[in-house]
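Asks: Take this structure first; my questions come after.
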Amino acid sequence: MCGFAGFVNRDVGRAPEATLEGMGAAIAHRGPDDSGIWLKADLGLGLVHRRLAIQDLSPAGAQPMASASGRFVIAFNGEIYNFRQLRAELEKEGCTFRGHSDTEVMLHAIERWGLEESLPKFSGMFAFALVDLKSRDLILARDRMGEKPLYYGWQGNTLLFGSELKALRVHPAWQGGVEPGALALLLRHNVIPAPISIHKGILKLPPASLVRFPLGGASPGTLPEPQRYWRLEDCFTESRAPESFEAASDQLEALLGNVIEDQMVSDVPLGAFLSGGIDSSTV
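The sequence shown begins at 45 in my numbering and counts up one residue at a time.
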């Protein structure tokens, strides 16, 4: 499952490593296999990652992970199912790899093709925090359907972000407070839809979106507007309906076969829970 968290504040505090370790401990259940921190004190930026090792169990797959050039650092939660295909494409373009994790493939793709071009290529479930040390930006991004969670927001002069609210709450800058509008939505819909969260000042990043914070130039309390990098409606306008039921059935079977094959790639034993509903019965 994995999980990550972090903060941005020019005044990193007296013990930023301990703060990061505390944030990571709050989400230890998401990643029992390993933990790592990355701190850039001159930018007031810290990252912590808790790892559930699925791809590349070696230290080469540990996070936060830096790109080959050192320009990018990423903390990533999720899986990129088509990472083998992307890796083969990158190797043809001259990229070399230290290990065989999907995280490293993401970094090479972003470094080679750019973030905006790479994101639509990533097929999978993911949320990540990406640091661009050249442009001095922090970028938060989330998968197309919003399968992996990502919270962010200002608490005083500190920008907090992470996979779960638990990690944000243990930071010394946490102010708390319930968002009244969120309670109304919860009572009405039995869910709090993005971008609202239960806490004041903390948002959920919408699906298929990224948000960029300039490090050193971010104004406390100001949240940039998220950018959409993919739209579901485009799939309908760009695709043609099957000509018959048989063609639709064949197309569905082929798609399911490809998806299941990609999702069966793992360095650890796999299992699947089939509930007996329409989706698992189809599988």
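For every residue, glycine included, the Cβ atom is placed at its ideal position computed from N, Cα and C.
To the nearest angstrom, how far is the alpha carbon of D86 from that of F172?
Replies: Here residue 86 is taken as the residue at index 42 of the sequence shown, counted from 1. Here residue 172 is taken as the residue at index 128 of the sequence shown, counted from 1. Their Cα atoms are separated by approximately 22 angstroms.
Asks: Go to I154, then tell me how far its beta strand (DSSP E) extends in each direction, as first and last residue.
Replies: Translated into the one-based positions of the sequence shown, residue 154 becomes position 110. Where I154 is concerned, there is no enclosing beta strand (DSSP E), although the alpha helix (DSSP H) it sits in stretches over D146 to W157.
Asks: Pick from G200, L182 and K165: whose alpha carbon is nearest that of W274?
Replies: Here residue 274 refers to the residue found at position 230 when the sequence shown is read from its first residue. Answer by Cα proximity: K165.
Asks: Taking the continuous beta strand (DSSP E) assigned at R95, which residues delimit it?
Replies: The residue you call residue 95 lines up with position 51 of the sequence shown. Counting along the chain, the beta strand (DSSP E) containing R95 begins and ends at L89 to R95.
Asks: Answer yes if the stretch 186-205 comes into contact with the stretch 253-263, meaning at least three C-beta pairs across the two stretches below 8 angstroms, and no otherwise.
Replies: Result yes; three or more Cβ-Cβ pairs closer than 8 angstroms.
Asks: What residue range is occupied by the uninterrupted beta strand (DSSP E) comprising S253?
Replies: In the sequence shown, residue 253 corresponds to position 209, counting from 1. Its beta strand (DSSP E) spans residues S253 to P258.
Asks: Within 10 angstroms of its Cβ, does A291 collect 16 or more other Cβ (buried), or is it exposed?
Replies: Taking the sequence shown and counting its residues from 1, one reaches residue 291 at position 247. Counting Cβ neighbours within 10 Å, A291 comes out exposed, since fewer than 16 surround it.
Asks: Check whether the stretch 109-123 touches the stretch 78-92, taking contact to mean three or more Cβ pairs, one atom from each stretch, closer than 8 angstroms.
Replies: Result yes; three or more Cβ-Cβ pairs closer than 8 angstroms.
Asks: Can you tell me the Cα-Cα spacing of E61 and L259, whole angstroms?
Replies: As a position in the sequence shown, residue 61 is number 17, starting the count at 1. As a position in the sequence shown, residue 259 is number 215, starting the count at 1. The straight-line gap from Cα to Cα measures roughly 19 angstroms.
Asks: In whole angstroms, what is the alpha-carbon distance linking D176 and R115?
Replies: For the purposes of this step, residue 176 is identified with residue 132 of the sequence shown, where counting begins at 1. For the purposes of this step, residue 115 is identified with residue 71 of the sequence shown, where counting begins at 1. Going by the C-alpha atoms only, they are around 6 angstroms apart.
Asks: Nearest to G88 by alpha carbon, out of V214, L159, E223 and G261?
Replies: Translated into the one-based positions of the sequence shown, residue 88 becomes position 44. Checking every option, the nearest Cα to that of G88 belongs to G261.
Asks: Alpha carbon to alpha carbon, what distance is there between G206 and G245?
Replies: Start at 1 with the first residue of the sequence shown, and residue 245 comes out as number 201. Start at 1 with the first residue of the sequence shown, and residue 206 comes out as number 162. C-alpha separation (whole angstroms): 14 angstroms.
Asks: Please classify A238: does DSSP put it in a helix, a strand, or coil?
Replies: Locating residue 238 in the sequence shown gives position 194, counting from the first residue. Reduced to three states, the DSSP call for A238 is coil.
Asks: Taking only beta-carbon positions, decide if L64 is within less than 8 angstroms of chain B.
Replies: The structure shown contains no chain B; it holds only a single protein chain.
Asks: Return yes when the Cβ of A226 is within less than 8 angstroms of the Cβ of I240, no when it is not.
Replies: Within the sequence shown, numbered from 1, the residue matching residue 240 stands at position 196. Within the sequence shown, numbered from 1, the residue matching residue 226 stands at position 182. Contact: yes.
Asks: With contact counted as at least three CB pairs below 8 angstroms, one residue from each stretch, are the stretch 206-222 and the stretch 47-56 in contact?
Replies: The answer is yes - the stretch 47-56 touches the stretch 206-222, with three or more Cβ pairs under 8 angstroms.
Asks: Can you tell me whether L231 is helix, strand or coil according to DSSP?
Replies: Position 187 of the sequence shown, counting from 1, holds the residue named residue 231. Residue state, collapsed to three classes: helix.
Asks: With distances taken between CB atoms, is the gap from D100 to I124 smaller than 8 angstroms?
Replies: Taking the sequence shown and counting its residues from 1, the one referred to as residue 100 is at position 56. Taking the sequence shown and counting its residues from 1, the one referred to as residue 124 is at position 80. No, Cβ-Cβ distance for D100 and I124 is not below 8 angstroms.
Asks: Tell me, to the nearest whole angstrom, how far the beta carbon of R131 is from that of V149; I am working on the premise that it is less than 8 angstroms.
Replies: Taking the first residue of the sequence shown as 1, we reach residue 131 at position 87. Taking the first residue of the sequence shown as 1, we reach residue 149 at position 105. Contact flag correct, Cβ pair sits at about 5 angstroms.
Asks: Anyone know if the C-beta pair for I242 and V214 falls short of 8 angstroms?
Replies: Here residue 242 corresponds to residue number 198 of the sequence shown, with the count starting at 1. Here residue 214 corresponds to residue number 170 of the sequence shown, with the count starting at 1. The answer is no: Cβ separation not under 8 angstroms.
Asks: What is the residue span of the beta strand (DSSP E) that Q199 lies within?
Replies: For the purposes of this step, residue 199 is taken as residue 155 along the sequence shown, with counting starting at 1. Note, Q199: beta strand (DSSP E), Y195 to Q199.
Asks: For E137, does the three-state DSSP call read helix, strand or coil?
Replies: In the sequence shown, the residue the question calls residue 137 occupies position 93. Correct three-state label for E137: coil.
Asks: Which residues mark the beginning and the end of the alpha helix (DSSP H) in which L296 is found?
Replies: Within the sequence shown, the letter at position 252 stands for residue 296. It spans F289 to Q307 - the alpha helix (DSSP H) in which L296 sits, taken as one unbroken run.
Asks: Using a 10 Å radius around the Cβ and a threshold of 16 neighbouring Cβ atoms, would you call I322 buried or exposed?
Replies: To locate residue 322, count along the sequence shown from 1; it is residue 278. By the 10 Å Cβ count, I322 comes out exposed.
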